[in-house]
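First comes the structure, then the notes that go with it.
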Amino acid sequence: MRLIGYSTGEVMGHSLVQEFITNDYQASVQAVLDQALNGMETENFEFPLITKAGAHIEVLLNATTRRDEQGNIIGVVGIGQDITARLAQEREYSKLIDTANAPIFGVDNQGAVNVWNKNAQKLVGYTPEEVMGKNLVKEFITDEFKTPVQSVLDQALHGDETANFEFPLMTKGGVRLDVL
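Numbering of the sequence shown is given in the working numbering, commencing with residue 1 and proceeding in unit increments.
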C-alpha cells in the first residue's frame, strides 16, 4: 500500500472500488474483480487509483482468483504496478512524433500502420484514420517495391536497421512519391 500512501490498517475492511477508484472506472474495475471471483483472470487492465494525498496514479492490474486448499474460490489477488510515468513518457513521445518536421510512420509486427504523423498526412494525403490498421506494403507501396520494402520492415522488426532506403509511397491522389 506504500504506492498509494495508506497503511494496511487504513485499507483493510474498506471497499477498494467505492473508496479508491475514480467514479468513471468503478464499474469496469468491479467487473474485473467479479470475473476473478468467477475464476477468470484479467491481465494488464489499466485504471486510475486515488492516493491518500488525493492524487491520481495510473495502475496496470493483473487480477487472479485466490483459492483454498480444496480449490474453492475465496477471493482475488490483485497485483498492481504504477505506470503513471510510463504513460506520461508515451504521451510525450506521441507528441514529439506528431509535431516532427518530417513525415513519420510506423507499423506493427503484422505490417499494419500504427503511427502516422501530421507531416505524413500532409505529404501523402491520407489522414491517420484512413491508414491506421491497414497494411503499409500491400496498400501504399508500388508493386515493384513491395518485396524490398517488406524485407526492410521485416529486418527492422528483428532489430536490423537499414539506413537511407528510398522507396515509393502512393499518395491519396494516386501519385507515386519517392521517400527516403
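Think of the CB as a built atom: it goes at the ideal place given N, C-alpha and C, for glycine as much as any other residue.
State the CB to CB distance for the pair L169 and V107, rounded to an integer number of angstroms; the pair is presumed to be in contact (CB under 8 Å).
As a working note, residue 169 is residue 169 in the sequence shown. As a working note, residue 107 is residue 107 in the sequence shown. Incorrect: roughly 13 Å between the Cβ atoms, too far for contact.
Suppose you measure from the CA of L37 to the CA of A63; what does that come to, to the nearest Å?
For the purposes of this step, residue 37 is taken as residue 37 along the sequence shown, with counting starting at 1. For the purposes of this step, residue 63 is taken as residue 63 along the sequence shown, with counting starting at 1. Rounded to whole angstroms, L37 to A63 spans 9 Å at the Cα level.
Checking the sheet assignment: what are the DSSP bridge partners for H56?
Along the sequence shown, read from residue 1 onward, the residue named residue 56 stands at position 56. I50, per the DSSP bridge assignment.
Are E166 and L180 touching if we call contact CB-CB under 8 Å?
On the sequence shown, residue 166 is found 166 positions in, with the first residue counted as 1. On the sequence shown, residue 180 is found 180 positions in, with the first residue counted as 1. Contact: yes.
List the endpoints of the continuous alpha helix (DSSP H) containing N119.
Along the sequence shown, one-based indexing puts residue 119 at 119. First-last of the alpha helix (DSSP H) with N119: 118 to 124.
Assuming K146 contacts A112 (C-beta within less than 8 Å), just tell me the rounded distance between them.
Locating residue 146 in the sequence shown gives position 146, counting from the first residue. Locating residue 112 in the sequence shown gives position 112, counting from the first residue. Not confirmed; about 15 Å, so no contact.
Are the segment 17 to 29 and the segment 49 to 69 in contact at 8 Å, needing three or more beta carbon pairs?
At 8 Å Cβ cutoff, the stretches touch.
In whole angstroms, give me the CA-to-CA distance for E58 and G173.
Counting from one through the sequence shown, the residue named residue 58 turns up at place 58. Counting from one through the sequence shown, the residue named residue 173 turns up at place 173. Straight-line Cα distance between these residues: approximately 42 Å.
Kindly provide the ranges of any alpha helix (DSSP H) runs that are 4 or more residues long and lie completely inside the segment 118 to 165, ordered along the chain.
Segments of the alpha helix (DSSP H) lying fully in the segment 118 to 165: 118 to 124, 128 to 131, 136 to 140, 146 to 157.
Go through its chain and collect everything with a Cβ distance to G75's Cβ below 7 Å, but skip five positions before and after it.
Taking the sequence shown and counting its residues from 1, one reaches residue 75 at position 75. So the list reads R66, once near-sequence residues are dropped.
Figure out for me which residue from Q81, L136, I4 has the closest Cα to the Cα of I104.
Looking up residue 104 in the sequence shown gives position 104. Comparing Cα-Cα distances from I104 to each of Q81, L136, I4, the minimum goes to L136.
Need the endpoints of the alpha helix (DSSP H) that Q110 sits in, please.
The residue labelled residue 110 in the question sits at position 110 within the sequence shown. Looking at the DSSP string, Q110 is not in any alpha helix (DSSP H), and its letter there is neither H nor E.
Using only the alpha-carbon positions, how far apart do V29 and F45 sit?
Looking up residue 29 in the sequence shown gives position 29. Looking up residue 45 in the sequence shown gives position 45. Answer to the nearest angstrom: the Cα atoms are 9 Å apart.
Whole angstroms are fine: how far does the CA of Q26 sit from the CA of T84?
Working through the sequence shown from its first residue, we reach residue 84 at position 84. Working through the sequence shown from its first residue, we reach residue 26 at position 26. C-alpha separation (whole angstroms): 19 Å.
In this structure, what does DSSP give as the bridge partners for P168?
Residue numbering aside, residue 168 sits at position 168 when the sequence shown is read from its first letter. Its beta-bridge partners are D178.
Look up G75 in the DSSP assignment and give the residues it is bridged to.
Residue mapping note: residue 75 aligns to position 75 of the sequence shown, counting from 1. DSSP output for G75 lists R66 as bridge partner(s).
Alpha carbon to alpha carbon, how far is N119 from V152? Give it in angstroms, no decimals.
As a first step, residue 152 is located in the sequence shown; it is residue number 152 there, counting from the start. As a first step, residue 119 is located in the sequence shown; it is residue number 119 there, counting from the start. Going by the C-alpha atoms only, they are around 22 Å apart.
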